[in-house]
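If you read the protein sequences in the order shown, they are chains A and B.
Just so it is clear: in the first sequence, position 113 is 123 by the working numbering, and no numbers are missing.
Just so it is clear: in the second sequence, position 188 is 1289 by the working numbering, and no numbers are missing.
Below: the structure, in structure tokens.
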Amino acid sequence: MISESTKVRFDREIAKYPTEQRQSAVMACLQIVQEEQGFVSAESERLLADYLGMAPIAVHEVTTFYNMYNQRPVGKYKLNVCTNLPCQLRDGAQALKHLERKLGIAMNETTADGLFTLQQSECLGACADSPVMLVNDIAMCSFMSNDKLDQLIDGLKSAEA
Amino acid sequence: MTLPSLSNNKTAAQIVLSQFAATGVQTCFHGRHIDPQILANLDGSNWHLKDYESRGGYQALRKILGQDGGEGLTPDQVIAEVKSSGLRGRGGAGFPTGLKWSFMPRQFPGQKYLVCNSDEGEPGTCKDRDIMQYNPHSVIEGMAIAAYAMGINVGYNYIHGEIFATYQRFEAALDEARAAGLLGGGILGSNFSFQLHAAHGFGAYICGEETGLLESLEGKKGQPRFKPPFPASFGLYGKPTTINNTETFAAVPWIIRNGGQAYLECGKPNNGGTKIYSVSGDVELPGNYEIPMGTPFSKLLELAGGVRKGRVLKAVIPGGSSSPVLPASIMMECTMDYDSIAKAGSMLGSGAVIVMDDTRCMVESLRRLSYFYMHESCGQCTPCREGTGWLWRVVDRIHNGQGRQNDLDLLNSVADNIQGRTICALGDAAAMPVRAMIKHYRHEFEAMIQKNTVQAVASQPAVHSTGHASAQA
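See below:
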């Protein structure tokens, strides 16, 4: 079931488009689902498909086409480090390695306590701020030297303590 | 580090994260622009409607609607002004904006759409982010003027999903504009109506391609469409649609306020106005720099603090990762405008200037770019889907010391078989860097291959003797 508060958020997105084009809101609604639930489940896809008048497979196509939708649960903090060329030239790949060491996991893995999932990402569109990292799809963290990466991880850990 | 003691974990985490957010000081408010228009007088806090109006904002919209005491401008006059400005598309293709606007069938009786392409994912580019974050109303006003000129009453700004905070900023600016009667029905008491909404991507480079973007706006996979038909006749929901880049729209209010001729004179013939360059890589001061078209590259490099650590410039990718690399000697002779960079054998593209110093290995650089195009190919055209994988695997094996004697011919052949054989330009974008890297830095690739071949030859007798030994045994 979709909660009433979620429906209000969905409806705000749907209202941007012509009445016969509810499907246009699928990108935004999936983002809302992910923000609220941490990932997009098959059940969420079915409910959303029904709400937007789409085939479930059409929703699933969107979930799987776009890199940022989580198709399975991730850690409480999803860390996406850009390693594309402009970032690679300014320690982007090095930042990813540093986080692997700091967290004791390889990229695409989640820490045992379920706090952090580490991923490599393609261009985040913040090339002049490199090294850059996107946390939970929304918080862009800029100029992430090793010291600042340590501060961020330690800070989030104590915030959770 | 110490955190404020808060009972709410979420708030504490948000406080932690906010400490690392970009402030724009390094990339935008550095005071090293030259005659800026879009990024002039910004400080990070003055993005609101009242601030924009105090900088002359929305005067252009008032002017064309005749709400400034004047007679107003007809749509034809607006298009003529934009044509005379020499403004060319800032997203990558550099198509003349006024000409594009004139393609829109203005007398078309049905629904038409205006779309802003803010899906800024071309590696090296981060200018549209700063425009929308720190001066969002310039885009809104530019879109409203464009809508008036083409007789359009609904528009969408499709924003790169990775800069979600900027999407939220743009939505806040839209709310301000609506509340002030600058968007919506009967704008400023005129009979011109324009509804504008923001949409977002969620991690697909291909949606920066305009028809991929339209598919995404329709709630589908962002797979590009065949052209023709072009969006001007068959665009969003199959209706006539004009798509321009964020920076292109942001340039329009200045042109209407000051005149097309004045804009043209800021730049050079056929390359009007100022342009924002995102300078990244091996420079002391990476950031966005708004400078007149036609400024020497050497000056831009100087603004960005020069090559990092006093090293020597090796190469520059002048227009985003898809544009062919140019060696330092060629680049230092270029001016930063469409024609100069094209003459040098590359493209101004989105204006993303990726600088590489003399310590950089070109095989490694190409390897990372090839991985990106393989990862982002949407998969619908075989030459691109398969070819980008071939490109990456071959460059990767050269980089790993397993290159083969004919690998460079193979790379060029695969690139040949991608380029011009796909629905959209992603295939070309994957092929062009490969060809340019091999053209200008062939010796680096050959040296890596040579090293492997020499090792292989040296190890051959050992293999033979082992064979002998086992045969004798």
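Glycine is no exception: its CB is placed at the ideal position from the N, C-alpha and C atoms.
Inset, instruction - Give the DSSP-derived three-state secondary structure of B:Asn1147 in the structure shown. - result: To locate residue 1147 of chain B, count along the second sequence from 1; it is residue 46. Residue state, collapsed to three classes: coil.
Inset, instruction - Determine contact between the region 1480 to 1492 of chain B and the region 1273 to 1292 of chain B, defined as no fewer than three beta-carbon pairs at a distance below 8 Å. - result: no
Inset, instruction - Tell me, please, whether the CB atom of A:Ile172 is closer than 8 Å to any CB atom in chain B? - result: Only positions 11 to 171 of chain A appear in this structure, which leaves residue 172 of chain A out of reach.
Inset, instruction - With DSSP collapsed to three states, give me the class of B:Gln1296. - result: Start at 1 with the first residue of the second sequence, and residue 1296 of chain B comes out as number 195. The answer is strand: DSSP assigns B:Gln1296 an E or B state.
Inset, instruction - Give the single residue among B:Arg1543, B:Tyr1542, B:His1541, B:Asn1513 whose Cα lies nearest to the Cα of B:Asp1529. - result: For the purposes of this step, residue 1529 of chain B is identified with residue 428 of the second sequence, where counting begins at 1. Selected option, being the one with the closest Cα: B:Asn1513.
Inset, instruction - Please list the partners that A:Glu71 has in chain B, where partner means a Cβ-to-Cβ separation under 8 Å. - result: Your numbering for residue 71 of chain A matches position 61 in the first sequence. Going along chain B in sequence order, the residues near A:Glu71 (Cβ under 8 Å) are Lys1321, Lys1322.
Legend entry - B:Leu1121 at chain A interface by Cβ criterion, 8 Å: By 1-based counting over the second sequence, the position of residue 1121 of chain B is 20. According to the sequence provided, residue 1121 of chain B is Phe. The question's Leu does not apply to it. B:Phe1121 counts as touching chain A.
Inset, instruction - Could you say which of B:Gln1168, B:Thr1124, B:Leu1174 lies nearest to A:Ala149 if we only look at CA atoms? - result: What you label residue 149 of chain A is simply residue 139 of the first sequence in a count that begins at 1. Of B:Gln1168, B:Thr1124, B:Leu1174, the residue nearest in Cα terms is B:Thr1124.
Legend entry - the region 117 to 142 of chain A: positions lying closer than 9 Å to chain B by Cβ: Of all residues in the region 117 to 142 of chain A, the ones placed with a Cβ closer than 9 Å to any Cβ belonging to chain B are Ser131, Glu132, Cys133, Leu134, Gly135, Ala136, Cys137, Ala138, Asp139, Ser140, Val142, in chain order.
Legend entry - Interface flag, B:Ser1424 vs chain A, CB-CB below 8 Å: Against the second sequence, residue 1424 of chain B aligns to sequence position 323. With 8 Å as the cut-off, B:Ser1424 does not count as an interface residue toward chain A.
Inset, instruction - Go ahead and pull the three-state DSSP assignment for B:Glu1391. - result: Within the second sequence, numbered from 1, the residue matching residue 1391 of chain B stands at position 290. Of the three classes helix, strand and coil, the one that applies to B:Glu1391 here is strand, per DSSP.
Legend entry - A:Leu162 to A:Leu113 span [Cα, whole Å]: Here residue 162 of chain A corresponds to residue number 152 of the first sequence, with the count starting at 1. Here residue 113 of chain A corresponds to residue number 103 of the first sequence, with the count starting at 1. Rounded to the nearest angstrom, the two C-alpha atoms are 12 Å apart.
Inset, instruction - Using only alpha-carbon positions, find the residue among B:Met1457, B:Cys1227, B:Met1433 that is nearest to B:Arg1191. - result: Counted from its first residue, the second sequence places residue 1191 of chain B at position 90. When C-alpha distances from B:Arg1191 are compared across B:Met1457, B:Cys1227, B:Met1433, the shortest belongs to B:Cys1227.
Legend entry - Rounded separation between B:Leu1492 and A:Val145 - CA only: Start at 1 with the first residue of the second sequence, and residue 1492 of chain B comes out as number 391. Start at 1 with the first residue of the first sequence, and residue 145 of chain A comes out as number 135. The alpha-carbon atoms of B:Leu1492 and A:Val145 are separated by roughly 31 Å.
Inset, instruction - State buried or exposed for B:His1569, treating a residue as buried only when at least 16 other CB atoms are found within 10 Å of its CB. - result: Stepping through the second sequence from its first residue, residue 1569 of chain B is reached at position 468. In this prediction, B:His1569 scores a pLDDT of 38, lower than 50, which makes its location untrustworthy; no coordinate-derived value is stated.
Legend entry - Stretch-stretch touch, CB-based, cutoff 8 Å, three pairs: the region 1192 to 1209 of chain B with the region 1171 to 1182 of chain B: The region 1192 to 1209 of chain B is in contact with the region 1171 to 1182 of chain B.
Legend entry - 8 Å Cβ cutoff, B:Pro1237 in contact with chain A: As a first step, residue 1237 of chain B must be located in the second sequence, where it is residue number 136. By this cut-off, B:Pro1237 is not an interface position.
Inset, instruction - Kindly say whether B:Phe1271, judged by its beta-carbon, lies nearer than 8 Å to any beta-carbon of chain A. - result: Within the second sequence, numbered from 1, the residue matching residue 1271 of chain B stands at position 170. At least 8 Å separates the CB of B:Phe1271 from every CB of chain A.
Legend entry - Closest by C-alpha distance to B:Pro1332, when choosing among B:Arg1522, B:Asp1459, B:Ile1344, B:Arg1412: Walking along the second sequence from the start, residue 1332 of chain B turns up at place 231. Nearest option by C-alpha distance: B:Ile1344.
Inset, instruction - Would you tell me roughly how many angstroms separate the C-alpha atoms of A:Thr29 and A:Asp21, rounded to the nearest one? - result: Within the first sequence, the letter at position 19 stands for residue 29 of chain A. Within the first sequence, the letter at position 11 stands for residue 21 of chain A. If I take the Cα positions, the gap works out to 11 Å.
Inset, instruction - Measure the Cβ-Cβ separation of B:Met1463 and B:Tyr1542 and say whether it is below 8 Å. - result: Here residue 1463 of chain B refers to the residue found at position 362 when the second sequence is read from its first residue. Here residue 1542 of chain B refers to the residue found at position 441 when the second sequence is read from its first residue. Closer than 8 Å, so yes.
Legend entry - Inter-residue spacing [alpha-carbon to alpha-carbon] between B:Ile1264 and B:Asn1507: The residue you call residue 1264 of chain B lines up with position 163 of the second sequence. The residue you call residue 1507 of chain B lines up with position 406 of the second sequence. Near 42 Å, if we compare the C-alpha coordinates of B:Asn1507 and B:Ile1264.
Legend entry - Where B:Tyr1338 falls: helix, strand or coil (DSSP): On the second sequence, residue 1338 of chain B is found 237 positions in, with the first residue counted as 1. Helix at B:Tyr1338.
Inset, instruction - From the DSSP output, read off the bridge partner residues of B:Ile1418. - result: Counting from 1 along the second sequence, the entry for residue 1418 of chain B is found at position 317. B:Ile1418 pairs with B:Ile1455.
Inset, instruction - Verify whether the separation of the beta carbon atoms of A:Phe49 and A:Gly85 is less than 8 Å. - result: Position 39 of the first sequence, counting from 1, holds the residue named residue 49 of chain A. Position 75 of the first sequence, counting from 1, holds the residue named residue 85 of chain A. No, these two residues do not count as a Cβ contact at 8 Å.
Inset, instruction - Could you name the residues of chain A that B:Pro1387 contacts, counting a contact when the two beta carbons are closer than 9 Å? - result: Translated into the one-based positions of the second sequence, residue 1387 of chain B becomes position 286. Neighbours of B:Pro1387 in chain A, taken as residues whose beta carbon is under 9 Å from its own, are Pro96, Arg100, Cys137, Ala138, Asp139, Ser140 in chain order.
Legend entry - Under 7 Å (Cβ pairs) to chain B, residues found in the region 77 to 90 of chain A: Asn77, Met78, Tyr79
Inset, instruction - Return the first residue and the last residue of the alpha helix (DSSP H) that B:Gln1127 is part of. - result: Here residue 1127 of chain B refers to the residue found at position 26 when the second sequence is read from its first residue. Looking at the DSSP string, B:Gln1127 is not in any alpha helix (DSSP H), and its letter there is neither H nor E.
Inset, instruction - Answer yes or no: do B:Tyr1257 and B:Gly1302 have a C-beta to C-beta separation smaller than 8 Å? - result: The count along the second sequence starts at 1 and reaches residue 1257 of chain B at position 156. The count along the second sequence starts at 1 and reaches residue 1302 of chain B at position 201. Contact flag unset, no.
Inset, instruction - Could you tell me which residues DSSP puts in a beta bridge with B:Thr1436? - result: The residue you call residue 1436 of chain B lines up with position 335 of the second sequence. Beta-bridge pairing links B:Thr1436 to B:Pro1397.
Inset, instruction - Could you name the residues of chain A that B:Gly1222 contacts, counting a contact when the two beta carbons are closer than 7 Å? - result: Indexing the second sequence from 1 puts residue 1222 of chain B at position 121. Residues of chain A passing the Cβ test: Cys133, Gly135.
Inset, instruction - Flag A:Leu134 as yes when its Cβ comes closer than 7 Å to any non-hydrogen atom of the ligand PLP, and as no otherwise. - result: The ligand PLP is not among the ligands present in this structure, which contains no ligands whatsoever.
Inset, instruction - Indicate the three-state DSSP secondary structure (helix, strand or coil) for B:Thr1175 in the structure shown. - result: As a working mapping, residue 1175 of chain B is identified with position 74 in the second sequence. Three-state result, B:Thr1175: coil.
Inset, instruction - Give the interface partners of B:Tyr1306 over in chain A, defined as CB-CB distance under 8 Å, in chain order. - result: For the purposes of this step, residue 1306 of chain B is identified with residue 205 of the second sequence, where counting begins at 1. Chain A residues near B:Tyr1306: Glu132, Cys133.
Legend entry - Backbone CA spacing between B:Val1126 and B:Gln1296 [nearest angstrom]: Position 25 of the second sequence, counting from 1, holds the residue named residue 1126 of chain B. Position 195 of the second sequence, counting from 1, holds the residue named residue 1296 of chain B. Looking at the two C-alpha atoms, the distance is approximately 33 Å.
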